[in-house]
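As structure tokens, the structure follows; a few thoughts come after it.
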Amino acid sequence: MATELLIDRTRCVGHGSCAELLPELLTLDEWGYPSNPAGPVPEHLQRFARRAVTTCPVLALRLAEAASRR
Numbered sequence: 000m001a002t003e004l005l006i007d008r009t010r011c012v013g014h015g016s017c018a019e020l021l022p023e024l025l026t027l028d029e030w031g032y033p034s035n036p037a038g039p040v041p042e043h044l045q046r047f048a049r050r051a052v053t054t055c056p057v058l059a060l061r062l063a064e065a066a067s068r069r
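Residue 0 is where the sequence shown starts when you use numbering that gives the first Met the number 0, and the numbers rise one by one after that.
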């Protein structure tokens with residue numbers, strides 16, 4: 000099942016650990032807040048995405064079932 004990485008921007012404080020753990024998907028803007036492309040997390044990055052979610056100190060990340068695009 001495809002999942003996507005979601006960022007709760009109201010919780011995020013710009014710690015930046017997520018981008019360090021998952022640079023293939025997350026980049027930091029000029030203020031240190033993460034941004035990610037829309038769409039599913041590639042299968043080979045699932046483990047790293049789960050690690051970024053569990054490592055976030057303010058619980059601003061989560062993995063959710065990717066919305067089907069029909």
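We put the beta carbon where it would ideally sit given N, CA and C, even for glycine. Just so we're clear, the structure is a prediction, and the values are computed from it rather than from any experiment.
In the DSSP assignment, Pro-33 forms a beta bridge with Leu-27.
In the DSSP assignment, the residues bridged to Glu-64 are Thr-2.
Around the beta carbon of Leu-58, a 10 Å sphere encloses fewer than 16 other beta carbons of the protein chains shown; the residue is thus reported as exposed.
Beyond the five residues adjoining it in sequence on each side, Thr-26 comes within less than 8 Å, by CB distance, of Ala-18, Pro-33, Ser-34, Asn-35 in the same chain, given in chain order. The DSSP-derived three-state label of Ala-18 is helix. Cβ atoms of Ala-48 and Leu-21 come within 8 Å of each other, at about 6 Å.
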